[in-house]
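Quick notes on the structure that follows.
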């Protein structure tokens with residue numbers, strides 16, 4: 001049963017991807033297409049966190065650190081090398097290496113889940129303040145000025161490897177982004193089905209048992225963290241192609257958003273965070289334009305996102321995906337029942353402390 | 354070197370193994386020797402240090418003083434997974450399985466490291482068959498009864514073919530039928546490797562054991578054959594007396 | 601000589617700043633095992649309270665020492681009642697919920713006060729040490745930090761309320777059975793942590809100005825300090841602040857403020873690799 005659902009999930013994503021590739025570009029305006037490219041790059045970021053947190057149990061609250069690093073590494077490499085294809089690879093490799101170093105300190109230092117969350121978030125915030133003050137002539141890497149708060153507005157657009165001089169059109173960027181999102185999704189599926197992926201999930205279930213079976217749990221977590229870092233880097237590269245790199249990529253709100261996508265979509269699935277990313281970003285975007293309307297300024301996106309997060313943690317802690325799953329099995333989710341169960345667990349844990 | 358030949362017959366050995374938790378000393382200089390292929394039972398009242406001893410052997414705890422040697426090699430600087438890779442398997446006191454995975458997945462994961470993907474599939478089927486778990490293969494372990502979970506964990510311990518198997522109260526929560534199967538399995542296992550078993554059930558110990566080590570307050574009180582131990586006055590006082598009171 | 605004196609004062613106020621921005625977080629984390637990701641926003645609220653009260657014509661000292669801690673403290677107690685109390689024992693969910701709170705607070709303050717920096721000028725003027733000038737107000741941070749830590753220590757160590765709080769946090773069920781209303785203890789403890797954060801934010805507001813997103817600037821350093829400090833709330837915070845604040849100031853002196861922050865982070869990461877439990881992890885386990 002679960003296998004069947006697994007496959008139907010993948011099939012659904014591939015179909016949606018084909019739809020997005022073939023039909024969507026011919027029926028929507030260019031500016032919608034650019035928005036969709038941004039959402040798709042966020043989708044990859046959501047996948048990376050869904051993998052690291054949802055399957056690896058690694059609470060990376062600072063996933064945007066890799067997102068931003070990927071973007072900046074890509075931009076700097078593309079400006080200096082003039083070849084955006086290898087810049088793309090650099091944009092994946094540098095955050096992956098950074099994740100490896102950070103992961104070494106965290107996993108081999110036996111940092112607990114909670115500290116790990118705080119540390120990753122702290123790293124992202126420090127990178128944010130570091131990159132924000134790189135205005136001026138002394139902050140140049142090769143030919144690429146880092147540009148402080150303004151970022152690098154002239155971030156080069158990807159080009160096809162066979163014609164490195166011509167940048168892709170925005171429609172082509174959209175297609176590439178969607179294809180890479182699909183590849184990332186299928187790649188994550190394949191990784192989770194592989195031995196290291198299975199052991200990763202087992203370690204999340206019961207770390208002690210995994211060790212007693214002779215698996216070096218740290219190494220598997222490290223691998224997942226590095227893969228997640230690389231994926232987030234790829235997301236950053238693609239984001240940079242639709243927008244441009246700027247310090248906000250490291251910022252609190254991207255970090256928070258990525259967490260919200262995963263929470264909304266549900267931990268322990270890949271499709272959940274993906275859908276969560278599209279849903280929440282669409283909502284934020286709409287709110288952003290609504291709050292411009294006089295009298296509706298209180299609909300500040302931060303405020304609404306924050307309330308969203310609080311309400312989800314309090315009332316839907318498992319996210320939307322399990323609700324859909326039980327719905328698809330014919331058991332309609334009873335909101336009241338879920339609420340009851342939750343409050344009873346609270347009671348137990350409360351008295352336990 | 355004759356000494357080396359003797360060592361090679363010695364599987365695991367502890368020298369003055371001591372474990373302190375803050376002000377409490379759980380193990381006070383334990384000297385323990387187990388030969389290849391030996392079957393040993395550990396008994397002792399609650400709090401005697403048996404589980405702590407196991408945790409020191411498997412690297413879950415670091416010894417405060419003294420050392421553990423596996424085939425003459427000191428384990429002090431090895432992590433839990435390193436020790437497991439050297440052929441030590443443990444069934445912990447509280448069943449310690451992957452709760453949200455099926456029985457088959459549990460056993461498969463245990464065999465995977467040694468036998469690879471395909472080999473692990475065959476190995477896990479074989480072991481589930483041997484322990485009578487085949488009909489439960491698709492069941493999620495969290496839904497099993499306590500005794501069945503014990504069997505699943507036992508299957509996981511056996512799957513990588515360890516040389517030394519540590520079983521912490523394996524019979525707890527098992528039905529009589531399951532216990533008699535367990536006795537058979539333990540005898541079978543003993544033909545291939547060494548076992549150390551912590552158990553309270555005297556009937557069970559009588560059926561399997563050759564040598565018994567009695568722990569009391571973090572020390573080895575006495576060591577000897579089953580009948581000698583049962584006849585020993587001191588052992589009766591510290592352990593069996595309590596045991597009968599409890600029954 | 602003047603140079604050294606000025607550097608020492610700089611280090612002193614940098615350490616005091618770290619103590620101030622970390623203490624509220626340390627109280628809430630150390631006592632209640634709750635990681636409050638809205639900590640930065642509690643500081644931010646303290647700053648806005650002061651600026652608003654001052655602009656409304658209130659005396660600056662009352663605005664800093666009375667209004668800000670009172671308002672933020674009460675706000676903290678309300679938050680504990682409406683959100684936190686449902687999440688005890690679920691430490692990760694608490695982190696996420698307080699993060700949501702953090703975003704919501706940024707949003708609300710942006711709507712009310714706008715996304716611009718506002719501020720009050722630092723009182724007390726400046727002091728000349730030879731060729732170097734230092735603001736007297738930034739030196740004032742030092743005695744305030746000392747007073748807060750000392751007061752906290754006396755409160756927890758020697759008063760009935762402190763004993764009740766420590767007992768409840770260690771074993772709520774036992775405390776309840778002894779007739780202590782642990783719900784109230786939780787709320788008050790959270791409120792005190794929030795009040796200390798509010799006061800810290802208020803103290804810093806004249807130096808930095810306030811902007812809705814200022815919390816993010818504080819929260820990273822506060823977390824680094826508290827984690828490096830380890831289990832002992834007060835000792836840990838003070839020792840870690842001393843270490844990291846000194847390092848930060850010296851590196852900043854030699855290079856730029858941002859390299860200083862990076863050095864602070866790197867030092868903390870290395871420290872945690874060596875001492876996973878933080879500085880006071882093993883030594884002072886049961887102490888303050």
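Residue numbers (our numbering), protein chains in the order written: chain C, 1 to 353; chain V, 354 to 600; chain Y, 601 to 888.
Even for Gly, the Cβ is constructed at its ideal location relative to N, Cα and C.
Coarse secondary structure for residue 498(V), derived from DSSP in three states: Collapsing the DSSP output to three states places residue 498(V) in coil.
Local conformation of residue 443(V) per DSSP, three classes: The answer is strand: DSSP assigns residue 443(V) an E or B state.
Residue 388(V) in three-state terms, based on DSSP: Reduced to three states, the DSSP call for residue 388(V) is strand.
Chain Y within 8 angstroms of residue 244(C), Cβ atoms only: Not an interface residue.
C-beta atoms of residue 118(C) and residue 827(Y) nearer than 8 angstroms: Cβ atoms of residue 118(C) and residue 827(Y): closer than 8 angstroms.
Boundaries (first-last residue) of the beta strand (DSSP E) holding residue 365(V): Here the beta strand (DSSP E) through residue 365(V) covers 363-374.
Positions along the region 672-695 of chain Y whose CB lies within less than 9 angstroms of some CB in chain C: Of all residues in the region 672-695 of chain Y, only 683, 685, 686, 687, 688, 689, 690, 691, 692, 693, 694, 695 come within less than 9 angstroms of chain C when Cβ atoms are compared, listed by chain position.
CB contact below 8 angstroms: residue 873(Y) versus chain C: Interface residue, yes.
Alpha-carbon to alpha-carbon, residue 36(C) and residue 42(C): Looking at the two C-alpha atoms, the distance is approximately 10 angstroms.
Test: residue 470(V) CB closer than 8 angstroms to a CB of chain C: Residue 470(V) counts as touching chain C.
Interface residues of chain V facing residue 216(C) [CB-CB closer than 7 angstroms]: What residue 216(C) touches in chain V, judged by beta-carbon distance under 7 angstroms, is 434, going in chain order.
Residue 806(Y) versus residue 190(C): straight-line alpha-carbon distance, rounded: The C-alpha of residue 806(Y) lies about 55 angstroms from the C-alpha of residue 190(C).
Residue closest to residue 16(C), alpha-carbon to alpha-carbon, out of 91(C), 226(C), 274(C), 245(C): Looking only at 91(C), 226(C), 274(C), 245(C), the smallest Cα-Cα distance to residue 16(C) is reached by 274(C).
Partner residues on chain C for residue 449(V), Cβ-Cβ distance less than 8 angstroms: Taking the beta carbon of residue 449(V) as reference, the chain C residues within 8 angstroms of it are 206, 208, 209, 212, listed in sequence order.
Within chain C, partners of residue 623(Y) - CB distance below 9 angstroms: Proximity of chain C to residue 623(Y) at the Cβ level (cut-off 9 angstroms) is not reached, the minimal Cβ distance being about 17 angstroms.
Contact set for residue 492(V): own chain, Cβ-Cβ below 8 angstroms, skip 5 residues either direction: Only 455, 456 meet the Cβ criterion.
C-alpha gap between residue 332(C) and residue 872(Y), whole angstroms: In this predicted model, residue 332(C) has a pLDDT of only 36, less than 50, meaning its place in the structure is not dependable; the value taken from the coordinates is given anyway. The straight-line gap from Cα to Cα measures roughly 47 angstroms.
Three-way DSSP call (helix, strand, coil) for residue 145(C) in this model: Residue 145(C) falls in the strand class under three-state DSSP.
Under the three-state DSSP convention, the category residue 682(Y) falls into: Residue 682(Y): helix per DSSP, three-state reduction.
Spatial neighbours of residue 165(C) in its chain, beta-carbon cut-off 8 angstroms, leaving aside the 5 residues before and after: If we look at residue 165(C) and ignore the five residues flanking it on each side, its Cβ neighbours are 159.
Own chain partners of residue 820(Y) with C-beta closer than 7 angstroms, once the 5 adjacent residues on each side are dropped: Contacts found: none.
The alpha helix (DSSP H) enclosing residue 280(C), as first and last residue numbers: Secondary structure note for residue 280(C): its alpha helix (DSSP H) is the uninterrupted segment 271-290.
Residue 588(V), buried or exposed, once every other Cβ within 10 Å from all chains shown has been counted against 16: By the Cβ-count criterion, residue 588(V) is buried, with 16 or more other Cβ atoms from all chains shown falling within 10 Å of its own Cβ.
Closer than 8 angstroms to chain Y by CB, residue 281(C): For residue 281(C), not one C-beta of chain Y is nearer than 8 angstroms to its own C-beta.
Alpha carbon of residue 123(C) to alpha carbon of residue 734(Y), nearest angstrom: Rounded to whole angstroms, residue 123(C) to residue 734(Y) spans 31 angstroms at the Cα level.
Sufficient close CB pairs (3 or more, under 8 angstroms) joining the region 660-676 of chain Y to the region 794-812 of chain Y: Judged by Cβ distances under 8 angstroms, the region 660-676 of chain Y makes contact with the region 794-812 of chain Y, as three or more pairs qualify.
Of the listed residues 746(Y), 659(Y), 667(Y), nearest to residue 649(Y) (C-alpha basis): Put simply, of 746(Y), 659(Y), 667(Y) the residue whose alpha carbon is nearest the alpha carbon of residue 649(Y) is 667(Y).
Residue environment, residue 101(C), which counts as buried when at least 16 other CB atoms sit within 10 Å: Residue 101(C) sits exposed, since fewer than 16 C-beta atoms from the chains shown fall within 10 Å of its C-beta.
Sequence-distant residues of its chain with Cβ nearer than 6 angstroms to residue 489(V) (five each side left out): Annotation for residue 489(V): 456 place their beta carbon closer than 6 angstroms to its own, counting only its chain and skipping 5 residues before and after.
Residue 328(C) to residue 415(V) span [Cα, whole Å]: Interpretation of residue 328(C) is limited by its pLDDT of 48, a score under 50 that renders its predicted location unreliable; no figure is taken from the coordinates.
Limits of the alpha helix (DSSP H) - the one that residue 604(Y) falls within: Unbroken alpha helix (DSSP H) run through residue 604(Y): 602-632.
Beta-carbon proximity of residue 232(C) to residue 66(C), cut-off 8 angstroms: Residue 232(C) is a Cβ neighbour of residue 66(C), given a cutoff of 8 angstroms.
Per-residue contacts from residue 509(V) into chain C (C-beta, under 8 angstroms): Within 8 angstroms Cβ-Cβ: 209, 213.
Contacting residues, own chain, Cβ-Cβ under 6 angstroms from residue 146(C) (five flanking each side not counted): When the five nearest sequence neighbours on each side are left out, the beta carbons in the same chain lying within less than 6 angstroms of the beta carbon of residue 146(C) are those of 134, 139, in order along the chain.
Cutoff 8 angstroms: residue 195(C) Cβ touching any chain A Cβ: Given the protein chain composition of this structure (C, V and Y), no chain A is represented.
Residue 130(C): contacting residues in chain Y (beta-carbon distance under 9 angstroms): Chain Y residues near residue 130(C): 858, 859, 861, 862.
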